[in-house]
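Just so you know, the sequence shown maps onto residues -23 to -1, 1 to 967 in mature numbering (1 follows the signal peptide of the UniProt record, and there is no 0).
Using N, Cα and C, we set each Cβ at its ideal position, and we do this for glycine too.
Being a predicted model, the structure only gives us computed values, none of them experimental.
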Amino acid sequence: MMKKTLLSCLIGASIVGSVPSFANQENTYFQSVYQDTYEQINQRIEALRQLAMNDENVIVEDGVRYLVVNDSRYKLNKDNYLRFEATFPNFYDETTFRNVFDFLDSSWELTWYEGGMIAVNKTFGNYDWDQGCLLEYVPNGFIGNSGVERVLMETDTCSLNDFNKEVAFITKPEKIELTDFEQNGFEVTAVDTYQNRLYVTHSKGGEGTVSIYDLASQALLGTIDGYEKDGVHHAYNVITELNVHDDKLYVSSLSANRVDIFDLTNDHAHVMSLGTGEWNGENAIVHAQASAANQDYVFVSDAMGINVYRQQDATPENHGQLGRYASLRFGNGQDTYRKVQMHVIGDYLIANVMGREYYIYDITQIENSVATPLEPVKVVSSAIQKMALLNDSLMVSEHSKLRFQAVDDFIANDFQFSETAQTIEQISGTSVGNHRDIALTDQYMVLANDEALSIARHQNKAIQFVADKSVETSKISFDSIPAMSVSKILQNDESYDTLINEDLRSVRVNSLVKTELLDHDMIKITSYVAQDLTDINIEMRFNGLNKWFTLGNFDRIPAFTQIILPLSAFGDQYQFNSANRDGVFDLSEFVDSGLDIKAALTTRFSSDTDKFAQVLTSLKPSWNLVFAPDWGGNWRSINGLYAREWIVIMTNFAYMMSQEEFKHLWFNFNTVFGHDMSGPNSQEDVFTAEEYQHYYDGMLARDKIQLGVVNYGGLGGLSGYGVFTPTFYSHYYGEWEIVPHEFGHGSDGKTFFPDGSSFAASWFGWQPFMHALGNYHIRKGDLPYMDDKISGFFKEENAAYRYDPIQDWRRTYRADTHMNTVDTYFMSFSTMPQGWFENNSTFDLNQLSKQERLILARFNVEGNSEYACRFNFVDGDDSVVLYGHVKQDENGDRTCIGGDALYFQKSDGSKAEIVSPLNQFDWLSLHKPESHGEPVVDSQGATLCSTYHAEFYGMGYQTELGQCVQDERVRVQNGNHWLLGSHVSSYFYN
């Protein structure tokens, strides 16, 4: 559910009491902006409702009630509130909203949603469903603080100067090389900490052991390899997880079918074991996977689900025989080898299945669910590998990065990490990498893999920010930068080794101007953009803080250019304006502090004036693009030419998936395409609503994608894909089959879809969808890169770097008359006129989309495609319908003319030019969905036709013999009747 609140309540109750005094001015401004706008929208809709209550102000047509506002009609609902029509396919057309809410200035971004409107303030706002900072007009209403309300305020991620959260900085880690302890074959399954001790599991030769280290000295203190009972040693084969709670260590052993509990205050004395040690029987734990505990319960996951035991029953007397108190439903059926980790966070249990999903349970409901398994309150698809919990902080490892967030924020954000969660991808210049497990203490962060334990100290430090102050932003002229500080990237002669080195060549597609701190003194800025950018702001923020600052501004950055400058080039005082210009960050104390600043920073770019740059900053996918090596077989070595074009392709691909058209089509897949997406193994396994959401989120959040070149066709998988040479130039012209197909094999980066499945088939599903969408955007003309001359892959100067010659036939667009499924679907929402319609002042050709203009009837006039028209020609007392094409003069006035090749033979024998009175004629729209496929006919039922035969072009109707004719008085220059029997084409409605 979205948060429904008055902003005054929000600020009065929770913000003013928690932020420093320097934020008060922004709080006041923020309150003024949102509260005033909230009230204005309410006042406007109420005023219009009052008007609509008077029937004299209402228009009724076909049972539908309308109210006219500023010369535009709006539908009314039963409660007399305005409803907005969807602006398909122009999702970003704000005209209908601004006509009603004319007090909203350009700082507000307006979009349609379910008959209402969403308003996001560009200064403070963010729209991410259920996580936004926005206002929403809801015509049908919702239950709010004062009953049924029509304007909703969502404030989850409103950006305020709230810096009561400190930023964590990490020192260079020390390592325990595990081979030093003769533990070859070491396989970590878990780590956990207690006081100054570190507990690490390993297995070797079928024997499981828990090693105990001193965190400060890294000395090995001892081991646990089972427990003694009645003279029998109960050893481990496979240990799956460790958990520490309330001075006790819980050791989960899959092969031993039990969880052993040890007393950490009594030399690791064995307390008792949960489970019988057998996988069957009444009180058995079937292959123990993980455990978690609080003061009331112990939770144990096994192959069948999650068992719940009461802490008060976990006593030595109940060793090996304690029955479960309750259970939680976990997954679907038996799952023995899933890798599980669990933590108790407040009143909730989170159970993470590594790399798949995590489950949230409300443990306050256990007492009410003893008889039947408790259902999860939420299941979230996730790439999270491991989780660690320290007091009120949650740390997770995910795709070679670590993320941190306060537990309260995680819960408030509907059990998901927000965009402002602190993210670390490097520690002391080294990639975080993947880990077997992670742990967190007040002083240390522990990362474990099979080779070593990395132990790093961390400390929190407050960021200095002064509100209502500004400094001069450093403006850097590119032409003034020393030549030694500038280089080009992805050039034809760039070495193969450089291209495939991820440390040297990689970029997030949603941040194509990449900024990196090389150390405390140097900044590297790299443009992975194929054309020059102007007025570029380089911006940064500390992870975990929802506020950006501007490092500096470049007047221009050329295409594929790298710039390396000292940090002092952006101001030697190290003070920087916030991106929304409401205060100053002071970083001077960090520069020589020895702290790893770059690991704590996230970067982006923006532009106040460059429209192309603004398009690039709107991309939603966060793919990390790298270049694939030559893996042999069908693979080829990539070079700079192919690498540059890959950036173009993936930018366009990301743009498609960032648009509202993509989102609408994806979540209405069956409606549009007549079938559903389905799982990797069967077309019968159609996607549920949750799976559509999972793959939508997963595709946008997919991490690293390796991009390469193959000999023929394409190859793809979870790690990336390659395509053959023609794709690198034909994508501009509509060949969007292979790239989506190969992307589809690894869609969300976790699930492989084989050939023939819905993500990787040519005849249904994802590939034809994206092929149609790509062609839709090409025709619409809005892709970031539309002109193949910008990168010039096809040019002769690049021939030596191409593996195959250019096939010119691939550099052609589809016919103007061709409409695919996506074109047809969005045209079904068009409000353009249908059939023949009068040319008048209300019709504006320029207001039509390109697709709508293409659907106006045309015919060939001396090699040019001209709009068809008709008009009434008056000959004395007689009037006859004549056909021609539209001609526009320099003043913008139009006439319908027959052309120089034709004339009209008047009744008095004179010749007359075939031309309509100024602006008095009809256009022909072939958009008529209810007559789809039917021919356009005249009053006598004859089919409309046109022809181009030498110089005798024209339009008319077809005879029974298939000839195209007009009235017999329409003549060619030799006096013969205009009648042609070849090169004839007919017109049909779409």
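Going by DSSP, name the residue or residues bridged to residue 555. Start at 1 with the first residue of the sequence shown, and residue 555 comes out as number 578. BP columns for residue 555 point to 526.
Spell out the partners DSSP gives residue 165 in its beta bridges. Locating residue 165 in the sequence shown gives position 188, where the first residue counts as 1. Paired residues: none, contrary to the question.
Considering only residues of the same chain and omitting the five flanking positions on each side of residue 225, which have a CB-CB separation below 8 Å? One-based indexing of the sequence shown puts residue 225 at position 248. Correct list, in chain order: 238, 239, 240, 241, 248 and 270.
Return the residue from the list 40, 34, 54 and 38 that minimises the CA-CA distance to residue 47. For the purposes of this step, residue 47 is taken as residue 70 along the sequence shown, with counting starting at 1. The residue with the shortest Cα to Cα distance from residue 47 is 34.
From 332, 341 and 340, residue whose alpha carbon lies closest to that of residue 364: Counting from one through the sequence shown, the residue named residue 364 turns up at place 387. Nearest C-alpha to residue 364: 332.
Output the boundary residues of the beta strand (DSSP E) element that contains residue 119. As a first step, residue 119 must be located in the sequence shown, where it is residue number 142. From DSSP, the beta strand (DSSP E) with residue 119 extends over 110 to 121.
Would you call the segment 666 to 675 in contact with the segment 576 to 590, where contact means no fewer than 3 C-beta pairs closer than 8 Å? no
Going by Cα to Cα distance, which pick from 17, 697, 125 and 24 is closest to residue 82? For the purposes of this step, residue 82 is taken as the residue at position 105 of the sequence shown. If we check each option's Cα against that of residue 82, 17 comes out closest.
Own chain partners of residue 970 with C-beta closer than 7 Å, once the 5 adjacent residues on each side are dropped: Outside the displayed span of the chain (-23 to 967) sits residue 970, for which this structure offers no information.
What are the start and end residues of each continuous beta strand (DSSP E) run of 3 or more residues lying completely inside the segment 61 to 91, in chain order? 85 to 90
Taking the Cβ atom as the reference point for each residue, do residue 409 and residue 377 lie within a distance shorter than 7 Å? The residue labelled residue 409 in the question sits at position 432 within the sequence shown. The residue labelled residue 377 in the question sits at position 400 within the sequence shown. Contact: yes.
For the putative contact between residue 966 and residue 910, defined by C-beta atoms under 8 Å, what is the C-beta separation to the nearest angstrom? Translated into the one-based positions of the sequence shown, residue 966 becomes position 989. Translated into the one-based positions of the sequence shown, residue 910 becomes position 933. With a Cβ gap of about 7 Å, residue 966 and residue 910 count as contacting.
Residue 468 versus 665, 381 and 770, residue with shortest Cα-Cα distance: Your numbering for residue 468 matches position 491 in the sequence shown. The residue with the shortest Cα to Cα distance from residue 468 is 770.
CA nearest to the CA of residue 245, picked from 518, 874, 199 and 233: Counted from its first residue, the sequence shown places residue 245 at position 268. Among 518, 874, 199 and 233, the Cα nearest to that of residue 245 is on 199.
May I ask you to report which of helix, strand or coil DSSP gives residue 929? The residue given as residue 929 occupies position 952 in the sequence shown. Note: residue 929 maps to coil in three-state DSSP.
Output yes or no for whether 7 Å exceeds the beta carbon distance between residue 824 and residue 756. What you label residue 824 is simply residue 847 of the sequence shown in a count that begins at 1. What you label residue 756 is simply residue 779 of the sequence shown in a count that begins at 1. No, the Cβ-Cβ distance between residue 824 and residue 756 is not below 7 Å.
Flag this pair as yes or no: are the beta carbons of residue 129 and residue 167 separated by less than 7 Å? Position 152 of the sequence shown, counted from the first residue, corresponds to residue 129. Position 190 of the sequence shown, counted from the first residue, corresponds to residue 167. Not closer than 7 Å, so no.
Beta bridge counterpart(s) of residue 697 as assigned by DSSP: Counting from one through the sequence shown, the residue named residue 697 turns up at place 720. DSSP output for residue 697 lists 683 as bridge partner(s).
Give the range of the beta strand (DSSP E) segment to which residue 342 is assigned. Residue mapping note: residue 342 aligns to position 365 of the sequence shown, counting from 1. No beta strand (DSSP E) holds residue 342; DSSP gives it neither H nor E.
Which residues share a DSSP beta bridge with residue 189? One-based indexing of the sequence shown puts residue 189 at position 212. 176 and 199.
So, residue 596 versus residue 487, is the Cβ gap smaller than 7 Å? For the purposes of this step, residue 596 is identified with residue 619 of the sequence shown, where counting begins at 1. For the purposes of this step, residue 487 is identified with residue 510 of the sequence shown, where counting begins at 1. It is a contact, given that the beta carbons lie within the stated cut-off.
From this set, 778, 784, 801 and 707, which residue's C-alpha is nearest residue 750's C-alpha? Start at 1 with the first residue of the sequence shown, and residue 750 comes out as number 773. Of the listed residues, the one whose Cα sits closest to residue 750 is 801.
Proximity winner among 311, 67 and 780, relative to residue 758 (alpha-carbon distances): Working through the sequence shown from its first residue, we reach residue 758 at position 781. It is 67.
Nearest by alpha-carbon distance to residue 254: which of 298, 290, 701 and 127 is it? The count along the sequence shown starts at 1 and reaches residue 254 at position 277. Taking only the C-alpha atoms, the option nearest residue 254 is 298.
C-alpha distance - residue 970 paired with residue 19, whole-angstrom precision: Here the chain comprises residues numbered -23 to 967, so residue 970 is not present and cannot be evaluated.
What does a CB cutoff of less than 6 Å around residue 263 pick up in its chain, not counting 5 residues either side in sequence? Here the question's residue 263 lines up with position 286 in the sequence shown. Answer for residue 263: 256, 279, 280 and 281, listed in chain order.
So which of 698, 745, 680 and 699 has the shortest CA-CA distance to residue 725? What you label residue 725 is simply residue 748 of the sequence shown in a count that begins at 1. Checking every option, the nearest Cα to that of residue 725 belongs to 680.
Continuous alpha helix (DSSP H) stretch holding residue 624: start and end: Here residue 624 is taken as the residue at index 647 of the sequence shown, counted from 1. From DSSP, the alpha helix (DSSP H) with residue 624 extends over 617 to 635.
Supposed contact pair residue 288 and residue 275 - C-beta distance, whole angstroms, cut 8 Å: As a first step, residue 275 must be located in the sequence shown, where it is residue number 298. As a first step, residue 288 must be located in the sequence shown, where it is residue number 311. About 6 Å; that satisfies the 8 Å criterion.
Exposure label - residue 95; buried when at least 16 CB within 10 Å: Numbered from 1 along the sequence shown, position 118 holds the residue referred to as residue 95. Answer is buried; the Cβ neighbour count reaches 16.
Could you tell me whether any non-hydrogen atom of the ligand FMN is closer than 6 Å to the CB of residue 680? Annotation note on the ligand FMN: not contained in the displayed structure, which lists no ligands.
Would you tell me roughly how many angstroms separate the C-alpha atoms of residue 495 and residue 507, rounded to the nearest one? Position 518 of the sequence shown, counted from the first residue, corresponds to residue 495. Position 530 of the sequence shown, counted from the first residue, corresponds to residue 507. Residue 495 and residue 507: Cα-Cα distance of roughly 24 Å.
According to DSSP, what are the bridge partners of residue 320? Your numbering for residue 320 matches position 343 in the sequence shown. Answer is 327, bridged to residue 320.
Please report how far the alpha carbon of residue 146 lies from the alpha carbon of residue 230, in whole angstroms. Within the sequence shown, residue 146 is the residue found at index 169, counting from 1. Within the sequence shown, residue 230 is the residue found at index 253, counting from 1. Whole-angstrom Cα-Cα distance: 35 Å.
Simplified DSSP state of residue 973, which is helix, strand or coil: Any answer about residue 973 is impossible in this case: the structure gives the chain only from -23 up to 967.
Which residue marks the beginning of the beta strand (DSSP E) containing residue 690, and which one marks its end? As a first step, residue 690 must be located in the sequence shown, where it is residue number 713. No beta strand (DSSP E) holds residue 690; DSSP gives it neither H nor E.
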